[in-house]
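Asks: Starting off with a structure, shown below.
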């Protein structure tokens, strides 16, 4: 008799546990379904926002082409009248033309790629790094003058390599701008181009605080902004 009662109680407990687990499973399934729907809704919203952002960026990039193109055109017209300008004036006009042309190339790549730069194929051409770095340093010396800094360019000769002109120009430009930004007033910034046995070395040496070790791997990540 006692055994039958215990068996009945155990059976009731088992049934209760099964029912309880079934209810919990249904609740968990419902919560998982709700979460999946919410996640899908969020992803859809983010996708639409990204499309709007890409559209806005393309409009802005397209609008920037006209004034920059006008600037380049005026610089070219003035350069055709060489007799009217001093060598220093012509050098300034050449810097304006070069900087404007590089900016237009950046804008064209942005528009043509649809902002999908992750899968972008590099367009390489033979570039003289000495000439390109000289243009960068000459152009940015005017910015360095605001802090009474001096950019010193050191090179042991022309070095021609196949590379994307627009992209390497952007890298050099950003590095030198940061060197100016984070260096103190009246300091010197060295830009060194050096040919190595199987490589080319470019050093930009400033008087700033440097990049922390834990941020060095993040420098070229597009979604990361490393602060001071």
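Residue numbers (our numbering): 382 to 609. Backbone N, C-alpha and C fix where the C-beta goes; we use that ideal spot for every residue, glycine too. These figures come from a predicted structure and were not determined experimentally.
Between the alpha carbons of residue 487 and residue 517, how many angstroms are there, rounded?
Replies: For the purposes of this step, residue 487 is taken as residue 106 along the chain shown, with counting starting at 1. For the purposes of this step, residue 517 is taken as residue 136 along the chain shown, with counting starting at 1. Approximately 16 Å between the Cα atoms of the pair.
Asks: How big is the Cα-Cα spacing for residue 498 and residue 509?
Replies: In the chain shown, counting from the first residue as 1, residue 498 sits at position 117. In the chain shown, counting from the first residue as 1, residue 509 sits at position 128. Note on residue 498: pLDDT 48, under 50, position unreliable in the model; no value is reported.
Asks: Under the assumption that residue 530 contacts residue 478 (Cβ atoms under 8 Å), give the Cβ distance between them as a whole number of angstroms.
Replies: As a first step, residue 530 must be located in the chain shown, where it is residue number 149. As a first step, residue 478 must be located in the chain shown, where it is residue number 97. Their Cβ separation, rounded to whole angstroms, is 25 Å, which puts residue 530 and residue 478 out of contact at 8 Å.
Asks: Can you tell me which of the three DSSP states residue 583 falls into?
Replies: As a first step, residue 583 must be located in the chain shown, where it is residue number 202. In this structure, residue 583 counts as strand in the three-state DSSP scheme.
Asks: Between which residues of its own chain and residue 566 is the CB-CB distance below 6 Å, once the five residues before and five after are set aside?
Replies: Start at 1 with the first residue of the chain shown, and residue 566 comes out as number 185. Cβ within range, chain order: 528, 529.
Asks: Do residue 442 and residue 491 have their beta-carbon atoms positioned less than 8 Å apart in this structure?
Replies: Residue 491 sits at position 110 when you count from the first residue of the chain shown. Residue 442 sits at position 61 when you count from the first residue of the chain shown. Cβ distance < 8 Å, so residue 491 and residue 442 count as in contact.
Asks: What is the residue span of the alpha helix (DSSP H) that residue 549 lies within?
Replies: For the purposes of this step, residue 549 is taken as residue 168 along the chain shown, with counting starting at 1. Note, residue 549: alpha helix (DSSP H), 546-563.
Asks: For residue 541, which residues from the same chain have a beta carbon less than 8 Å from its beta carbon, with the 5 sequence-adjacent residues on both sides left out?
Replies: Position 160 of the chain shown, counted from the start, is the residue given in the question as residue 541. The answer, listed in chain order, is 507, 508, 509, 510.
Asks: Roughly how many angstroms lie between the CA atoms of residue 535 and residue 552, to the nearest whole one?
Replies: Here residue 535 refers to the residue found at position 154 when the chain shown is read from its first residue. Here residue 552 refers to the residue found at position 171 when the chain shown is read from its first residue. Approximately 18 Å between the Cα atoms of the pair.
Asks: How about residue 571 and residue 586: are their beta carbons less than 8 Å apart?
Replies: Position 190 of the chain shown, counted from the start, is the residue given in the question as residue 571. Position 205 of the chain shown, counted from the start, is the residue given in the question as residue 586. Yes, Cβ-Cβ distance for residue 571 and residue 586 is below 8 Å.
Asks: Here's a check: name, in chain order, each residue in its chain whose Cβ is nearer than 8 Å to the Cβ of residue 537, leaving out the five neighbours to either side.
Replies: As a working mapping, residue 537 is identified with position 156 in the chain shown. Cβ within range, chain order: 574, 575, 576.
Asks: Tell me whether residue 566 sits in a helix, a strand or coil according to DSSP, three-state version.
Replies: On the chain shown, position 185 is the one that residue 566 refers to. Three-state DSSP puts residue 566 in coil, outside helix and strand.
Asks: Locate the alpha helix (DSSP H) running through residue 519, then write down its first and last residues.
Replies: Numbered from 1 along the chain shown, position 138 holds the residue referred to as residue 519. Residues 510-525.
Asks: When you compare the CB positions of residue 589 and residue 560, do they come within less than 8 Å of one another, or not?
Replies: Start at 1 with the first residue of the chain shown, and residue 589 comes out as number 208. Start at 1 with the first residue of the chain shown, and residue 560 comes out as number 179. Contact: yes.
Asks: Is residue 547 buried or exposed, if buried means 16 or more other CB atoms sit within 10 Å of its CB?
Replies: Position 166 of the chain shown, counting from 1, holds the residue named residue 547. Flag for residue 547 reads buried.
Asks: What does the alpha-carbon distance come out to for the pair residue 453 and residue 466?
Replies: Position 72 of the chain shown, counted from the first residue, corresponds to residue 453. Position 85 of the chain shown, counted from the first residue, corresponds to residue 466. The straight-line gap from Cα to Cα measures roughly 17 Å.
Asks: Is the CB-CB distance between residue 513 and residue 557 below 8 Å?
Replies: On the chain shown, residue 513 is found 132 positions in, with the first residue counted as 1. On the chain shown, residue 557 is found 176 positions in, with the first residue counted as 1. No, the pair does not count as a contact, with Cβ atoms beyond the cut-off.
Asks: Where does residue 407 fall in DSSP's three states?
Replies: As a first step, residue 407 is located in the chain shown; it is residue number 26 there, counting from the start. In this structure, residue 407 counts as helix in the three-state DSSP scheme.
Asks: Can you tell which of 473, 446, 444 has the C-alpha that lies nearest to the C-alpha of residue 457?
Replies: Position 76 of the chain shown holds residue 457. Considering only alpha carbons, the answer is 473.
Asks: With a CB to CB cut of under 7 Å and the five nearest residues on each side skipped, what residues in its chain are close to residue 328?
Replies: Given a span of 382 to 609 for the chain in the structure shown, any question on residue 328 remains unanswerable.
Asks: How is the beta strand (DSSP E) around residue 536 delimited, first residue to last?
Replies: Numbered from 1 along the chain shown, position 155 holds the residue referred to as residue 536. From DSSP, the beta strand (DSSP E) with residue 536 extends over 531-536.
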